[in-house]
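Q: Mind looking over this structure? Questions follow.
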């Protein structure tokens, strides 16, 4: 056979061709076609060089820390085993009377506070556009000083039982979720020992 | 590529699907977690690096995403789309990291949590030195001269440990699967021209 096209030769080198075509190219290379052998050698060099580059390797230290998660956290328990606490809404700034002279359309953000027996969740909804908003929140332990129990916990914003955004709280129990479409969500907060659910969280700014 | 002590796990678990690895993790098999990390750590780490985030900050993001992945093992549903999920989550963490940094001047609590302060080790320095390898640098420079789309595609194909299928690459690049082969061909030709036999 004559020289394969460049794409076909690369497919061959990646092992992506069917055996019959691959055999033909193999024979062609065995005949010593300078151009194709040169391309093969070049491609092999680039590929192996890239593979041996540590540019995208996290450092050995970071790798070990990530590995250690398994030992530090013990067994991975399914969420259902942890128990569920439903948070209730105790404050919604949209439900408050407007100040005299304020137009109802002038709402620029919304505050919500939810509570369970053990935690409160303070939420702020800030619009990005007519269709999207940013959700800034903080999980606070009730009857406990400090934030140790709410640092680094998993936050899941769910829509129709599908996770649309997962993140962790920072050292102060704060989290941020951005560019989410207006609508109704459930917010799951993986507190130590149990899952806190904020049901039917209405991401909107209209009364 | 050398995988820092994860060779055994990588060999044993190489053929397993993501779903199988996740199930093994849930069955308390630490080596499955090791294999899952080995499969995806380059993908995760490459995202902040490609966004120009410095290494010590990229490592914080890597830690956070690893932790989110670990915490979500039990509730991951679409195991076959774990690449997409990881990419989205990592990009968001990069964004969040930038936002939080600009909103709050990092206070003492966060400074203590900064991993770069924990262990500025010889290992870290050796790592930096390895990165300076000349031939790697020549290739990287040449890649940097390519249009962004080409660079992203070739990085995905060459640099990430996980062998990505055309379908996965197409999803990541938001382009039709049928375009991957020809686009890759054009990008490689450009790369070869830029390199001009230098490697």
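Protein chains in written order, with the numbering used here: chain A, 1 to 207; chain B, 208 to 406.
Each residue gets a CB set at the ideal place from its N, CA and C atoms; glycine is no exception.
Is residue 342(B) close to chain A? Criterion is C-beta to C-beta, closer than 7 Å.
A: Sequence index remark: in the second chain, residue 342(B) carries index 135 (1-based). With 7 Å as the cut-off, residue 342(B) counts as an interface residue toward chain A.
Q: Who are the Cβ neighbours of residue 203(A) in its own chain at under 8 Å, not counting the five residues just before and after it?
A: As a first step, residue 203(A) must be located in the first chain, where it is residue number 203. So the qualifying residues of the chain are 125, 133, 135, 180, 181, 182, 183, 184, 185.
Q: Are there 16 or more other CB atoms within 10 angstroms of the CB of residue 235(B), so buried, or fewer, so exposed?
A: In the second chain, residue 235(B) corresponds to position 28, counting from 1. Answer is exposed; the Cβ neighbour count stays below 16.
Q: Since residue 273(B) contacts residue 69(A) with CB under 8 Å, what's their CB separation in whole angstroms?
A: Residue numbering aside, residue 273(B) sits at position 66 when the second chain is read from its first letter. Residue numbering aside, residue 69(A) sits at position 69 when the first chain is read from its first letter. That belief holds up - the Cβ atoms of residue 273(B) and residue 69(A) are roughly 6 Å apart, short of 8 Å.
Q: Quick one: using the 10 Å Cβ neighbour count with 16 as the cut-off for buried, is residue 3(A) buried or exposed?
A: Sequence index remark: in the first chain, residue 3(A) carries index 3 (1-based). Counting Cβ neighbours within 10 Å, residue 3(A) comes out exposed, since fewer than 16 surround it.
Q: Under 7 Å, Cβ to Cβ, is there at least one residue of chain A near residue 244(B)?
A: By one-based count along the second chain, residue 244(B) stands at place 37. Yes, residue 244(B) counts as interfacial toward chain A.
Q: Do we get a CB-CB distance below 7 Å when we pair residue 176(A) with the residues of chain B?
A: In the first chain, the residue the question calls residue 176(A) occupies position 176. Yes, because at least one Cβ of chain B sits closer than 7 Å to the Cβ of residue 176(A).
Q: By how many angstroms is the C-alpha of residue 231(B) removed from the C-alpha of residue 76(A)?
A: The residue given as residue 76(A) occupies position 76 in the first chain. The residue given as residue 231(B) occupies position 24 in the second chain. The predicted position of residue 76(A) is uncertain, since its pLDDT is 44 and thus under 50; no value can be drawn from it.
Q: Residues of chain B with CB under 7 Å from residue 12(A), in chain order?
A: Numbered from its first residue, the first chain carries residue 12(A) at position 12. In chain order: nothing, as chain B lies at least about 12 Å away.
Q: Beta-carbon within less than 7 Å of residue 239(B)'s beta-carbon, same chain only, minus the 5 sequence neighbours each way: which residues are those?
A: Taking the first residue of the second chain as 1, we reach residue 239(B) at position 32. Cβ neighbours of residue 239(B) beyond the five flanking positions: 220, 228, 231, 232.
Q: Which of the residues in the segment 248–264 of chain B, read from start to end, lie with their CB under 7 Å from any CB of chain A?
A: So the list reads 248, 249, 252, 253, 256, given in the order they occur along the chain.
Q: Among 153(A), 161(A), 176(A), 164(A), whose alpha-carbon lies nearest the alpha-carbon of residue 286(A)?
A: Absent from the structure is residue 286(A), since the part of chain A shown begins at 1 and ends at 207.
Q: Look up residue 208(A) in the DSSP assignment and say whether it is helix, strand or coil.
A: Lying outside 1 to 207, the shown extent of chain A, residue 208(A) is not represented and no answer is given.
Q: Taking 7 Å as the cut-off, decide whether the C-beta atoms of residue 297(B) and residue 254(B) are in contact.
A: Here residue 297(B) is taken as the residue at index 90 of the second chain, counted from 1. Here residue 254(B) is taken as the residue at index 47 of the second chain, counted from 1. In contact: residue 297(B) and residue 254(B) (Cβ atoms closer than 7 Å).
Q: Check the C-beta distance from residue 365(B) over to residue 50(A) and give it rounded, since I have them as a contact under 8 Å.
A: To locate residue 365(B), count along the second chain from 1; it is residue 158. To locate residue 50(A), count along the first chain from 1; it is residue 50. Yes, residue 365(B) and residue 50(A) are in contact; Cβ-Cβ is about 4 Å, under 8 Å.
Q: Select from the segment 32–64 of chain A all residues with a C-beta closer than 9 Å to any C-beta belonging to chain B, and list them in chain order.
A: Listed by position, the residues of the segment 32–64 of chain A near chain B (Cβ gap below 9 Å) are 39, 42, 43, 45, 46, 47, 49, 50, 51, 52, 53, 54, 55, 56, 57, 58, 59, 60, 61, 62, 63, 64.
Q: Could you give the distance in angstroms between the alpha-carbon of residue 380(B) and the alpha-carbon of residue 90(A)?
A: The count along the second chain starts at 1 and reaches residue 380(B) at position 173. The count along the first chain starts at 1 and reaches residue 90(A) at position 90. Cα-Cα distance, rounded: 44 Å.
Q: Return the residue from the list 289(B), 351(B), 279(B) that minimises the CA-CA distance to residue 156(A).
A: Indexing the first chain from 1 puts residue 156(A) at position 156. Out of 289(B), 351(B), 279(B), 279(B) has the C-alpha closest to the C-alpha of residue 156(A).
Q: For chain A, is any of its Cβ atoms less than 7 Å away from the one on residue 237(B)?
A: By one-based count along the second chain, residue 237(B) stands at place 30. Chain A contact via Cβ: present.
Q: For residue 192(A), which three-state DSSP category applies?
A: In the first chain, the residue the question calls residue 192(A) occupies position 192. Coil.
Q: Leaving aside the five residues before and after residue 378(B) along the sequence, list all residues of the same chain whose C-beta is less than 7 Å from its C-beta, in chain order.
A: Looking up residue 378(B) in the second chain gives position 171. Around residue 378(B): 291.
Q: Can you tell me whether residue 18(A) is buried or exposed, with buried defined as 16 or more other CB within 10 angstroms of its CB?
A: Mapped onto the first chain, residue 18(A) falls at position 18. Classification of residue 18(A): exposed, given that the 10 Å Cβ count is below 16.
Q: Please check if any C-beta of chain B sits within less than 7 Å of the C-beta of residue 202(A).
A: For this step, residue 202(A) is matched to residue 202 along the first chain. Not one chain B Cβ lies under 7 Å of residue 202(A).
Q: For residue 306(B), go through chain A and note every residue whose CB falls closer than 8 Å to its CB, in chain order.
A: As a first step, residue 306(B) must be located in the second chain, where it is residue number 99. Result: 176, 178.
Q: Please list, in chain order, the chain B residues whose beta carbon lies closer than 8 Å to that of residue 71(A).
A: Mapped onto the first chain, residue 71(A) falls at position 71. Result: 237.
Q: By alpha-carbon positions, which one of 178(A), 161(A), 119(A), 16(A) ends up nearest to residue 285(B)?
A: As a working note, residue 285(B) is residue 78 in the second chain. Selected option, being the one with the closest Cα: 161(A).
Q: Would residue 139(A) and residue 189(A) be called neighbours here (beta carbons separated by less than 7 Å)?
A: As a working note, residue 139(A) is residue 139 in the first chain. As a working note, residue 189(A) is residue 189 in the first chain. Yes; because the gap between Cβ atoms is below 7 Å, this pair is in contact.
Q: Please specify which runs of the beta strand (DSSP E), each continuous and at least 3 residues long, are wholly inside the segment 344–380 of chain B, giving them in chain order.
A: Qualifying beta strand (DSSP E) stretches: none in this window.
Q: Under 7 Å between C-beta atoms, does residue 129(A) make it to chain B?
A: Residue numbering aside, residue 129(A) sits at position 129 when the first chain is read from its first letter. False, the Cβ-Cβ gap to chain B never drops below 7 Å.
Q: Please work out which residues of its chain come closer than 8 Å, Cβ to Cβ, to residue 214(A), disregarding the five sequence neighbours upstream and downstream, and give them in chain order.
A: Shown here, chain A extends from 1 to 207; a query on residue 214(A) therefore has no answer.
Q: Take residue 52(A) as the anchor and find which of 293(B), 342(B), 222(B) has the nearest alpha-carbon.
A: Position 52 of the first chain, counted from the start, is the residue given in the question as residue 52(A). If we check each option's Cα against that of residue 52(A), 342(B) comes out closest.
Q: Would you kindly report the start and end of the unbroken alpha helix (DSSP H) that includes residue 263(B)?
A: Locating residue 263(B) in the second chain gives position 56, counting from the first residue. Segment 262–279, the alpha helix (DSSP H) holding residue 263(B).
Q: Taking 6 Å as the cut-off, is the C-beta of residue 295(B) nearer than that to any heavy atom in the ligand SAM?
A: Looking for the ligand SAM in the displayed structure turns up nothing, as the structure carries no ligands at all.
Q: Could you check where the beta strand (DSSP E) with residue 124(A) kicks off and where it finishes?
A: Walking along the first chain from the start, residue 124(A) turns up at place 124. Taken as a continuous stretch (DSSP letters only), the beta strand (DSSP E) holding residue 124(A) covers 119–127.
Q: Taking Cβ-Cβ distances shorter than 7 Å, what residues in chain A pair up with residue 400(B)?
A: One-based indexing of the second chain puts residue 400(B) at position 193. Ordered by position in chain A, no residue passes the 7 Å Cβ test against residue 400(B), which lies about 11 Å from the chain.
Q: Roughly how far, in whole angstroms, is the beta-carbon of residue 93(A) from the beta-carbon of residue 110(A), given that I think they are within contact range, below 8 Å?
A: Against the first chain, residue 93(A) aligns to sequence position 93. Against the first chain, residue 110(A) aligns to sequence position 110. About 5 Å separates the two Cβ atoms, so the contact holds.
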